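Protein chains in written order, with the numbering used here: chain A, 1 to 182; chain B, 183 to 490; chain C, 491 to 922. All C-beta atoms in this analysis are idealised placements derived from N, C-alpha and C, irrespective of residue type, glycine included. These figures come from a predicted structure and were not determined experimentally. First comes the structure, then the notes that go with it.
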Amino acid sequence: MANNKSIKTVMDKDGIERCLTRIAYEILEKNKGMENLVLVGIRTGGVYLAERLQKKMSDIEHGKIPLGILDITLYRDDLSASNKKPRLGETKINFSLDNKVVILVDDVLFTGRTIRAAMDALIDFGRPRMIQLAVLIDRGHRELPIRADFVGKNLPSSLWEAVRVDLVEKNGVDEVVIEEGS
Amino acid sequence: MKFERKDILGIKDLSVDEINLILETAESFLEISTRKIKKVPTLRGKTVINLFYEASTRTRTSFEIAGKRLSADTINISSSTSSVIKGETLIDTARTLEAMNPDVIVIRHSAAGAPHLLASLVKQSIINAGDGAHEHPTQALLDMMTIKERKGKISGLKVAIIGDIEHSRVARSNIYGLSKMGAHVVVAGPATMMPRNIEQMGVKAFPRVEDAIAGADVVMMLRIQLERQKQNIFPSLREYSQHYCLNRNNIKLAKNDVMVMHPGPINRGVEISPDIADDPSVSVILDQVNKGVAVRMALLYLLTGGSE
Amino acid sequence: MRLLLTGARIIDPAQNIDSRMDIFLEDGKIAKIGENLSKATKSKDSEKITKIVDLTGMILVPGLIDMHTHLREPGFEYKETIASGAAAAAAGGFTSIACMPNTEPINDSRSITEFIRRKATETSLVNVYPIGAVSRNSAGSQLTEFWDLQEAGIVALSDDGKPVMNAALMRRAMEYAFSLQLPVISHCEDINLSANGSMNEGYYSTILGLNGIPGIAEEAMIARDILIAEFTGTSVHIAHVSTAGSVRLIRDAKKRGIKVTAETAPHYFTLTDEALQSYDTNLKVNPPLRSEQDVAAIKEGLADGTIDVIACDHAPHGRTDKEVEFEYAANGISGLETSLALSLNLINSKILTWPELIAKMSTNPARILHLPKGTLETGADADITVIDPLLKWTVDVQAFRSRGKNSPFNGRQIQGKAILTIVGGEIKYDGR
């Protein structure tokens, strides 16, 4: 991290936990339980959040809902514009999506393009009855008509700022920070 | 690491990092072929031309499926080498194709170095799908991927390649690739099928198949081409099969968990006995086909795109 | 035309001359050679104007002779014509060239020989000596009419490009030609052993996946021809020697008194098969570029006199012959305009002395072909090459006089160049 960037922490470990717990309850409330629910995390941040939601929901309802991992690289709309190919991760959805309610999980909702790609990918796997979107942070600046069903925190940000979600599973710490001058 | 090549002409040019990146990318692509809808939109609007100057069903089909599963438009052009000598030169064909503005040209040619000539002439990415007895990089990559999956590693394994080494591009590409990845490669075949100074490539060569198989983790059998009989590199298929065929007896010399490979198509009973070729506990031949599509998808993915 | 060339270092191996002198040319002949000729020539005949050329710092030698060229006419004028080939020769410092018969039609008859001679005379640049075919249509089965061809003007016999595979035919050719004092030049290649190969058989053919031509394809035929020469008491000249084994065979034969002479080409002591990794078809020649050990042996053979002659095997081709897949590409290098500079390297690297090199590029080919050339003796034809040994230049095929732009040396920095080529007392090339 360059030193001249100012970093501001906007959410700490407890804040993230509280948000996820609330989202878990909201999902269960909205869908009246876990029946027909499946979780799909978008690589990489969304996967860890989906795993945490899976655990919380299991604790609440005493059951286990299926969890899939989705790499959206191959569905991106900017592939031919970038010279360097993003490193491809594995997609792992070992269950049918037909007639399921898919809770798509990501860390930050921004332009909406990632979610567009993710929905295209999901539909290639089958025909879900419904797709709902859960994100930890919604920072605005949508470029597509997409909105989240479950939001941890709305975080109005400027385009010159970067919002970063650090999670224990990959960065060793739970926090959400805003970096300026990126 | 970044992948910055324009062309894939041979394994000789690739670094270990590049090979690893290709194999890892290919592993991620394996899953797509297991989906109900075996297609992703990644290369939508891209054009892949399969330019085959030599008859090939499996490699051409594999490239075609790889392109199609990535949503590229794939076009097959087949041309017999004889008409090439007579009329249209590779240069004319290259210029014509270039004018059609494809993104990738996959070329199979009976003349070694033809992909290099093509790559020097056109701005598009070239993938060598086999040139003469020179290289067959995608075959070696899929072979390495198969070995890596089965054995968990390549480094430290003893790999025996057996048959007509002299005329085999599969052998050359695998010698380069497997050696780079740390395997110990040995080759075997009658001296008439052993190219000069082969040991300078870093392999040990044996005239008898038993010496090569002994203690091997992987045995790779090469296809014997019947028409080579005219060059007197072997007197008859009958005699060849008696002394160079992989069978239940000589395979015992290898490690207990030996895996058997063959680039196909197999001459059953000539270079490999049918019961071994069809035994899923040792033979990974069909697995190789499956990996072939993933490797070719990975290369198309890594080579395409990029605005100027 | 009277020419007085002053101040050069004159080297004539035929007369054992190597010193700074002047040379005076008159009526197409060498009139006088000696020190301070300017006074002598002035007082002699004041009506005739003498052109005086100061050549201080230059090397003056008997006109260079390349006894192995392909001029392609008749039949393949898009590759080369007699006129363009002669112009390339003059620019390369050659006053005489011998041209191989593998034209279309093959030079196996008086009419083709006469055609070549007429064209050469019209061109009036350098001396062009046709070589006739050993067998009709170079098909290797029936001898051509050696007497008739000799009367028409051939200076040697060869089926170059194709070997004479039939040993009995080769024996008869050597016997019959011997009685006419016509040298037989043998392209030594056992085509069963070379078997459509396109490069030297060795490590590099193995990694490039190209069919190899083993050294023994050349050596087996050289051994055969040496045996025939020994048995029949005739002579043979071995073309384009490329392997260590060939050098050894020829050296041993010479030691035993067999009448064998041999030539090599600059690419065989300059390049190895390692260069072929680029699949550059300009490097495709027959015999093929060989290994490092072979190159070392060729240099040894040149140094100890086993190899008598340097001839470039000038083989011009059109773009369409070379811009194809390696194995389909034509064999050959357009060599006349780089041969001298590449050969001068042998002096810089102390393999040959100046007199030794000039012997291999003038005196010896003249002797082997029985040409009244290759010497600066008084009364001899005034064929002279003047060399600037220090001139550094970059090979540019587009600047070649030859139509054949097929040179692997394109872009290479080399040193030494012919700056004057004088044929019959007339300046045919002036590169000053």
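(1) If contact is defined by three or more beta carbon pairs under 8 Å, each pair taking one atom from either stretch, is the segment 268-287 of chain B in contact with the segment 298-306 of chain B?
(2) Do the segment 680-693 of chain C and the segment 272-279 of chain B meet, that is, are 3 or more Cβ pairs less than 8 Å apart?
(3) Within a Cβ cutoff of 6 Å, which residues of the same chain sit near E516 (chain C), ignoring the five residues on either side of it in sequence?
(4) When you compare only the Cα positions, how much space is there between V726 (chain C) and A663 (chain C)?
(5) Have a look at I644 (chain C) and K194 (chain B) and give me their C-alpha separation to the nearest angstrom.
(6) By how many angstroms is the C-alpha of E708 (chain C) removed from the C-alpha of F605 (chain C)?
(7) Where does S264 (chain B) sit, in a helix, a strand or coil, going by DSSP?
(8) So, A719 (chain C) versus I748 (chain C), is the Cβ gap smaller than 8 Å?
(9) Within this structure, are the beta carbons of I201 (chain B) and K362 (chain B) separated by less than 8 Å?
(10) Tell me which same chain residues have a C-beta within less than 7 Å of the C-beta of N310 (chain B), skipping the five on either side of it?
(11) With DSSP as the reference, label T796 (chain C) as helix, strand or coil.
(12) So, for N154 (chain A): in the same chain, excluding its five sequence neighbours on each side, which residues have a beta-carbon less than 7 Å away from its beta-carbon?
(13) Just to confirm the assignment: which complete alpha helix (DSSP H) runs, minimum length 4, are found wholly within the segment 612-652 of chain C?
(14) Just to confirm, are I380 (chain B) and N432 (chain B) a CB contact at a threshold of 8 Å?
(15) Quick check on the DSSP output: the alpha helix (DSSP H) that includes P756 (chain C) runs from which residue to which?
(16) Chain B partners of T91 (chain A), CB-CB under 7 Å?
(17) Pull up the DSSP beta-bridge partners for S465 (chain B), would you.
(18) Rounded to whole angstroms, how far is the Cβ of K228 (chain B) from the Cβ of A254 (chain B), which I believe are closer than 8 Å?
(19) Alpha carbon to alpha carbon, what distance is there between S355 (chain B) and I912 (chain C)?
(20) Counting only Cβ pairs nearer than 8 Å, list the residues of chain B close to F125 (chain A).
(21) Between C:M548, C:I520 and C:D556, which lies nearest to I800 (chain C) when the distance is taken from Cα to Cα?
(22) CA-CA distance, I123 (chain A) and G15 (chain A)?
(23) G314 (chain B) CB to nearest chain C CB: under 8 Å?
(24) For a contact defined as C-beta to C-beta under 7 Å, what are the partners of A296 (chain B) on chain C?
(25) Put K8 (chain A) into one of helix, strand or coil per three-state DSSP.
(26) Within 8 Å of any Cβ in chain A, is that where the Cβ of V471 (chain B) sits?
(27) Verify whether the separation of the beta carbon atoms of S625 (chain C) and L633 (chain C) is less than 8 Å.
(28) Closer than 8 Å by beta-carbon distance: list the chain A residues that pair up with P223 (chain B), in chain order.
(29) Taking C-beta to C-beta, are M590 (chain C) and G630 (chain C) nearer than 8 Å?
(30) Given that P377 (chain B) touches chain C, what residues does it touch there, using C-beta distances under 7 Å?
(31) Since I believe P806 (chain C) is in contact with S892 (chain C) (beta carbons under 8 Å), could you give me their beta-carbon distance rounded to a whole number of angstroms?
(32) Is M465 (chain C) helix, strand or coil by DSSP?
(33) Can a CB atom of chain B be found closer than 8 Å to the CB of L700 (chain C)?
(34) Identify which residue in B:I231, B:I336, B:A476 and B:K188 has its Cα closest to the Cα of D399 (chain B).
(35) Could you pull the start and end residues of the alpha helix (DSSP H) that F934 (chain C) belongs to?
(36) On the criterion of 16 or more Cβ atoms from any shown chain inside 10 Å, does V198 (chain B) qualify as buried, or is it exposed?
From the atom records:
(1) In short, these stretches touch, since the Cβ pair count reaches three.
(2) Touching, no, given that fewer than three Cβ pairs across the two stretches are closer than 8 Å.
(3) Cβ within range, chain order: R492.
(4) Straight-line Cα distance between these residues: approximately 10 Å.
(5) For I644 (chain C) and K194 (chain B), the distance between alpha carbons rounds to 51 Å.
(6) The C-alpha of E708 (chain C) is placed about 33 Å away from the C-alpha of F605 (chain C).
(7) In this prediction, S264 (chain B) scores a pLDDT of 49, lower than 50, which makes its location untrustworthy; no coordinate-derived value is stated.
(8) It is a contact, given that the beta carbons lie within the stated cut-off.
(9) The Cβ atoms of I201 (chain B) and K362 (chain B) sit closer than 8 Å to each other.
(10) Answer for N310 (chain B): I190, L191, G192, I289, P297, E317 and P319, listed in chain order.
(11) In the structure shown, T796 (chain C) sits in coil (DSSP, three-state: anything other than H, G, I, E or B).
(12) For N154 (chain A), the CB contacts under 7 Å within the same chain, skipping 5 residues up- and downstream, are D138 in chain order.
(13) DSSP assignment within the segment 612-652 of chain C yields the following whole alpha helix (DSSP H) runs of 4 residues or more, N-terminal first: 636-642.
(14) Taking 8 Å as the Cβ cut-off, I380 (chain B) and N432 (chain B) do not qualify as a contacting pair.
(15) That run of the alpha helix (DSSP H) goes P756 to T760.
(16) Here the neighbours are E213.
(17) Per DSSP, the beta-bridge partners of S465 (chain B) are B:V442.
(18) K228 (chain B) to A254 (chain B), Cβ: 4 Å. Contact.
(19) About 56 Å.
(20) Near F125 (chain A) (Cβ distances below 8 Å), the residues of chain B are R217, K218 and I219.
(21) I800 (chain C) has its Cα closest to that of C:D556, out of C:M548, C:I520 and C:D556.
(22) Each residue's Cα considered, the two are about 33 Å apart.
(23) By this cut-off, G314 (chain B) is an interface position.
(24) Going along chain C in sequence order, the residues near A296 (chain B) (Cβ under 7 Å) are E815.
(25) Under the three-state reduction of DSSP, K8 (chain A) is assigned to strand.
(26) At a cut-off of 8 Å between beta-carbon atoms, V471 (chain B) makes no contact with chain A.
(27) Yes.
(28) Chain A residues near P223 (chain B): L74, Y75 and D120.
(29) No Cβ-Cβ contact shorter than 8 Å links M590 (chain C) with G630 (chain C).
(30) Taking the beta carbon of P377 (chain B) as reference, the chain C residues within 7 Å of it are T696, listed in sequence order.
(31) S892 (chain C) to P806 (chain C), Cβ: 5 Å. Contact.
(32) Nothing about residue 465 (chain C) can be reported from this structure: the residues present for chain C run from 491 to 922 only.
(33) Using a CB distance cut-off of 8 Å, L700 (chain C) counts as an interface residue toward chain B.
(34) Checked all of B:I231, B:I336, B:A476 and B:K188; the closest Cα to D399 (chain B) is B:I336.
(35) Chain C is shown only over 491 to 922; residue 934 (chain C) falls outside these bounds and no answer can be derived.
(36) So V198 (chain B) ends up on the exposed side.
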